[in-house]
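Participant: Residue numbers (my numbering): 414 to 636.
Below is the structure:
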């Protein structure tokens, strides 16, 4: 019999996915549950997310928040497309997205902090997730090369600075998505020019349980 936490996590995930209108097969749901339980276990010793975060909040503010990205990726990123998740932390949003769409995209998780890198590699290995890589560095270090079709950043403190940082990896066809919480729009709207980029869309949603607002700011190069 699965443990109480496992049962609760699965129930919360399934209910949240239903509210998001994002049905997933049993396999990905089971992987997300295992990921969540590993996160809880590791977080007791490693600072991955805020300490003592209740399970419903972990599901809502990290897993379901990450999965709000899936519908827009389904529209924008072709199968086999490349995605860079900048400052992935404990894997959000890139790893839940990859689990939800296992055969769709090649994803790179960019995370400089060693303990988080160890955690990410452990989860990827434990869940046998494929076509996903962990890059233990920062963009500024110059170790990340190539061009990506889509770049994400979650809870970006300074959107203009973030766009300047990722500019070297963006082509005229690259989309950049900043996933922001309440107050995170930073006054930006469709048509606004930010350095070399222009905002081509803002999508608003709410988290299923807390109903907290979330904004996806979508940018492309203006040149």
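C-beta: ideal position from N, C-alpha, C; glycine also. Here the structure is a predicted model, which is why all the values come from computation and not from measurement.
Would DSSP call residue 614 helix, strand or coil?
Facilitator: Residue numbering aside, residue 614 sits at position 201 when the chain shown is read from its first letter. Note: residue 614 maps to strand in three-state DSSP.
Participant: Do you know whose CA, among 454, 466, 582, 478, lies nearest residue 426's CA?
Facilitator: Taking the first residue of the chain shown as position 1, residue 426 is located at position 13. Closest option to residue 426, Cα to Cα, is 478.
Participant: To which residues of the same chain is residue 489 closer than 6 Å at the C-beta, ignoring the five residues directly before and after it?
Facilitator: Counted from its first residue, the chain shown places residue 489 at position 76. Excluding residues within five positions, the ones whose Cβ falls inside 6 Å are 588.
Participant: Starting from the C-beta of residue 594, find all residues in its chain whose C-beta is less than 8 Å away, skip the five residues before and the five after it, and write them out in chain order.
Facilitator: As a first step, residue 594 is located in the chain shown; it is residue number 181 there, counting from the start. The residues are 568, 625, 626, 627, 628.
Participant: Do the CB positions of residue 562 and residue 495 come within less than 7 Å of each other?
Facilitator: If you number the chain shown from 1, residue 562 lands on position 149. If you number the chain shown from 1, residue 495 lands on position 82. Cβ atoms of residue 562 and residue 495: closer than 7 Å.
Participant: To the nearest whole angstrom, what separates the beta carbons of residue 553 and residue 592, a pair I think is in contact under 8 Å?
Facilitator: Within the chain shown, the letter at position 140 stands for residue 553. Within the chain shown, the letter at position 179 stands for residue 592. That belief does not hold up - the Cβ atoms of residue 553 and residue 592 are roughly 21 Å apart, past 8 Å.
Participant: Per DSSP, what kind of secondary structure is residue 548 in: helix, strand or coil?
Facilitator: Taking the chain shown and counting its residues from 1, one reaches residue 548 at position 135. The answer is strand: DSSP assigns residue 548 an E or B state.
Participant: What does a CB cutoff of less than 6 Å around residue 566 pick up in its chain, not counting 5 residues either side in sequence?
Facilitator: On the chain shown, residue 566 is found 153 positions in, with the first residue counted as 1. If we look at residue 566 and ignore the five residues flanking it on each side, its Cβ neighbours are 499, 575, 591.
Participant: Quick check: does the Cβ of residue 580 come within less than 6 Å of any heavy atom belonging to the ligand GDP?
Facilitator: The ligand GDP is not part of this structure, which contains no ligands at all.
Participant: Roughly how many angstroms lie between the CA atoms of residue 601 and residue 633, to the nearest whole one?
Facilitator: For the purposes of this step, residue 601 is identified with residue 188 of the chain shown, where counting begins at 1. For the purposes of this step, residue 633 is identified with residue 220 of the chain shown, where counting begins at 1. The alpha-carbon atoms of residue 601 and residue 633 are separated by roughly 14 Å.
Participant: Please report the distance separating the alpha-carbon of residue 447 from that of residue 438.
Facilitator: Start at 1 with the first residue of the chain shown, and residue 447 comes out as number 34. Start at 1 with the first residue of the chain shown, and residue 438 comes out as number 25. Their backbone Cα atoms lie some 15 Å apart in a straight line.
Participant: Spell out the partners DSSP gives residue 588 in its beta bridges.
Facilitator: Taking the chain shown and counting its residues from 1, one reaches residue 588 at position 175. Answer by DSSP bridge pairing, in chain order: 563, 633.
Participant: Please state whether DSSP places residue 528 in a helix, a strand or coil.
Facilitator: If you number the chain shown from 1, residue 528 lands on position 115. Correct three-state label for residue 528: helix.
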